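One structure is given here, and the rest of the page talks about it.
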Amino acid sequence: MKHIRNFCIIAHIDHGKSTLADRLLDATESVTEREKQSQLLDSMDLERERGITIKSHAVQMVHHHEGQEYVFNLIDTPGHVDFSYEVSRSIAACEGALLIVDAAQSIQAQTISNLYLALENDLEIIPVLNKVDLPSANPEEVTDDIVDLLGCDREDVIPASAKTGLGIQEILEAIVKRVPSPKGDPDAPLRALIFDSVYNPFRGVETYFRVFDGSIKKNQKIKFVATDNQYSADEIGTLKLIQIPKKEISAGDVGYVITGIKEAREVKVGDTITDAETPTQNAVSGFEDVKPMVFAGIYPVDTEDYEELRASMEKLQLNDASLVFQPESSAALGFGFRCGFLGMLHLEIIQERLEREFDMTVITTVPNVSYLAYTLKDPNEALPVSNPSDLPDPSVIDRVEEPYIKASIITKADYVGPVMSLCIEKRGEITNQIYLTEDRVELSFDMPLAEIVFDFYDRLKTVSKGYASFDYSPIGMRTSKLVKVDVLLNGNKVDALSALLHADNAYDIGKKMCIKLKELIPRQQFDIPIQAAIGAKIISRETVKALRKDVTAKCYGGDISRKRKLLEKQKKGKKKMRAVGNVEIPQEAFMAVLKLND
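The UniProt record's numbering numbers the first residue of the sequence shown as 1 and each following residue consecutively.
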């Protein structure tokens with residue numbers, strides 16, 4: 001056990017995690033010349049195109065140091081805030097972490113939040129200053145920033161460049177010397193933490209785990225603590241680039257197990273694996289179900305594709321257990337699903353995967369967060385509301401609560417003003433302001449999650465000229481003054497365009513929605529009123545004018561009453577047409593509501 005090292009890499013997006021992982025694989029000769037490619041661990045097409053890591057990966061390397069063989073388990077983690085639950089589980093499976101900081105961009109919000117996670121789990125932190133070969137690099141200053149943040153010595157910071165391979169040997173040496181070897185009792189009952197699962201269409205779910213106590217043997221009867229299901233370990237092994245089956249994996253090591261599970265939701269990240277006959281008494285702590293933060297309706301463009309969409313969603317769920325969905329129907333869009341996502345990036349990725357991997361064209365409704373409504377009849381019982389049309393009538397509501405988050409924004413001192421006014425406009429309350437250096441400020445806000453869902457991130461980047469970085473964590477529900485704004489077209493409610501908004505913003509946004517829809521809805525043979533309403537009260541109206549044929553063209557000169565008669569006749573026709581006419585809503589209209597501020 002004393003020759004095993006488990007570590008992960010934590011960094012802000014684009015600070016060079018995946019490239020550094022490639023270099024470590026090269027240096028330990030875990031990759032043959034033929035298998036080499038950049039970002040080796042990002043296996044999904046989408047990950048390569050967007051240049052982000054979406055799923056965690058684990059890989060084992062062997063490093064020779066002073067005649068000794070060391071086994072390194074590297075657990076690669078996603079950097080994006082939507083996937084922070086996966087990051088926290090991966091960190092719990094390690095004893096050490098490489099903290100990578102870009103020498104040009106210095107410390108960003110994500111770096112700090114992941115660092116706190118690592119420190120909470122008592123990991124040994126090895127700071128690495130990456131990209132020192134860039135002309136814009138600022139190694140002296142950034143080293144000072146790291147020393148301030150960690151309280152380490154300047155000598156502990158390893159200057160490196162994943163591109164040129166500088167400093168890679170020093171990093172490997174530091175892992176051997178500074179990361180503690182795993183502790184655990186090889187003779188105790190089996191206790192292992194699941195930190196990831198991957199769905200393989202041929203073999204079912206492959207579960208990745210880290211053994212804390214005891215050992216797991218091939219064909220052993222095992223039990224998952226959170227679900228209480230028992231399985232037989234048909235195959236176990238370690239994860240090099242390909243899987244290497246083993247007879248036994250003992251305490252301190254990382255491996256995979258295949259039990260023939262067909263459904264990804266039976267395997268929960270953060271759960272404990274133990275022996276079925278002699279189960280462990282203390283499960284690995286900190287298991288919780290992942291809760292979706294953002295909800296949106298996904299509907300097929302063609303209603304006949306409903307069953308096909310269901311099948312595609314189920315297949316996606318096999319690979320992504322954090323996707324939640326249930327059937328719902330809408331008067332405007334027909335049958336579809338209400339889906340829960342971890343955040344807006346997650347929603348975009350799911351939508352893109354549906355289009356790519358399954359050729360489904362879908363309409364996504366306006367995303368919203370999950371609220372709790374309390375009625376006057378029963379003010380203690382909460383009704384969860386994940387779709388605005390589920391909200392009870394305003395006359396019976398006692399109060400509505402919405403999720404709040406703690407946001408931390410790191411920006412240059414010059415942009416503090418614009419960033420603060422943006423956050424206050426989004427109903428944020430400032431709780432703290434710290435100068436990290438004389439030029440960089442960390443601002444902390446409490447704000448509603450709902451305000452971040454739409455365009456907050458884009459606008460933050462705009463007001464700070466791209467310099468602000470942003471990270472958040474949920475802090476629970478708070479009561480606020482929310483109203484449901486409905487959109488009526490030609491007097492009919494369009495349920496897919498309803499939104500829950502704060503009472504102070506309702507008029508403003510209602511008006512913007514009407515103006516936006518007026519541009520998008522094509523003219524018909526009759527006038528179409530577009531109205532925004534709260535309950536029965538209309539708060540804004542725009543009209544799409546009718547196309548008119550000039551019926552009086554053939555009456556030149558002559559009697560006015562003749563013209564009047566023709567116009568009256570036309571008006572009557574229009575009125576009749578309006579009574580039976582229904583308005584087709586183009587697909588852009590559903591997405592346009594997101595971009596109200598453009």
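The C-beta atom is built at its ideal place from N, Cα and C for all residues, glycine as well. For clarity, every value in this text was computed on a predicted model and none was experimentally measured.
Annotation note: the segment 68 to 125 contains the following uninterrupted beta strand (DSSP E) runs of length 3 or greater, listed N- to C-terminal: 68 to 76, 96 to 102. In the DSSP assignment, Asp504 falls within the alpha helix (DSSP H) that extends over 503 to 520. Non-local C-beta neighbours of Thr437 in its own chain, meaning closer than 7 Å and more than five positions away in sequence, comprise Asp145, ordered along the chain. For Lys377, same chain residues with a beta-carbon under 8 Å away, outside a window of 5 residues either side, are Val396 in chain order. Excluding five sequence positions before and after Leu501, the CB atoms of its chain that fall closer than 6 Å to its own CB belong to Val485, Ile509, given in chain order. Under the three-state reduction of DSSP output, Asp275 falls in the strand class. Taking a C-beta distance under 8 Å as the contact criterion, Ile100 and Asn130 qualify as a contact pair. Here Ala103 is actually not in contact with Leu150; their C-beta atoms are around 16 Å apart, not less than 8 Å.
Under DSSP, Ser469 shares a beta bridge with Ile410. In this chain, the alpha helix (DSSP H) harbouring Ala174 covers 168 to 178. Taking the C-beta atoms as reference points, Asp234 is found nearer than 8 Å to Thr259. For Ser444, the enclosing beta strand (DSSP E) begins and ends at 440 to 448. Judged by DSSP secondary structure, Val294 falls outside any alpha helix (DSSP H) and instead within the beta strand (DSSP E) spanning 294 to 300. Leu422 places its beta carbon 8 Å or farther from that of Leu449. A distance of 8 Å or more separates the beta carbons of Phe209 and Val269. Closest in C-alpha terms to Glu401, from the list Lys518, Ile158, Thr479, Val362, comes Thr479.
In the displayed model, His346 falls within a helix according to three-state DSSP. Cβ contact annotation for Lys511 (same chain, cutoff 8 Å, sequence separation greater than five): Ala532, Ile539, Ser540, in chain order. When C-beta atoms of the segment 21 to 29 are compared with those of the segment 105 to 124, fewer than three pairs fall below 8 Å, so the two segments do not count as touching.
Here DSSP, grouped into helix, strand and coil, assigns Cys423 to helix. Within the DSSP bridge table, the entry for Pro384 names Leu372 as partners. For Pro139, the enclosing alpha helix (DSSP H) starts and ends at 139 to 150. With a beta-carbon spacing of about 27 Å, Thr238 and Asp228 fall beyond the 8 Å limit used to define contacts.
Between the alpha carbons of Lys262 and Val205 lies a gap of roughly 6 Å.
For the pair Leu119 and Gly491, the Cα-to-Cα distance works out to about 58 Å. In the three-state DSSP reduction, Leu500 falls in the strand class (E or B).
Cβ neighbours of Ile158 within its own chain (closer than 8 Å, five residues either side excluded): Ile126, Pro127, Val128, Leu129, Gly167, Glu170, Ile171, Ala174.
Here DSSP, grouped into helix, strand and coil, assigns Glu263 to coil.
With at least 16 other beta carbons inside 10 angstroms of its own, Ile405 counts as buried.
Nearest in C-alpha terms to Met477, of all of Asp185, Val369, Ser389, Ala536, is Val369. When only Cα atoms are considered, Ile363 and Val487 end up about 18 Å apart. In this structure, Leu489 keeps its C-beta atom at 8 Å or more from the C-beta atom of Ile515.
Rounded to whole angstroms, the gap between the alpha carbons of Glu248 and Gly297 is 46 Å. Tyr435 counts as exposed, since fewer than 16 other C-beta atoms from the protein chains shown sit within 10 angstroms of its C-beta. Relative to Ala283, the option among Leu190, Val147, Glu155, Val551 whose CA is nearest is Leu190. In the structure shown, Ile236 falls within a strand segment according to DSSP collapsed to helix, strand and coil.
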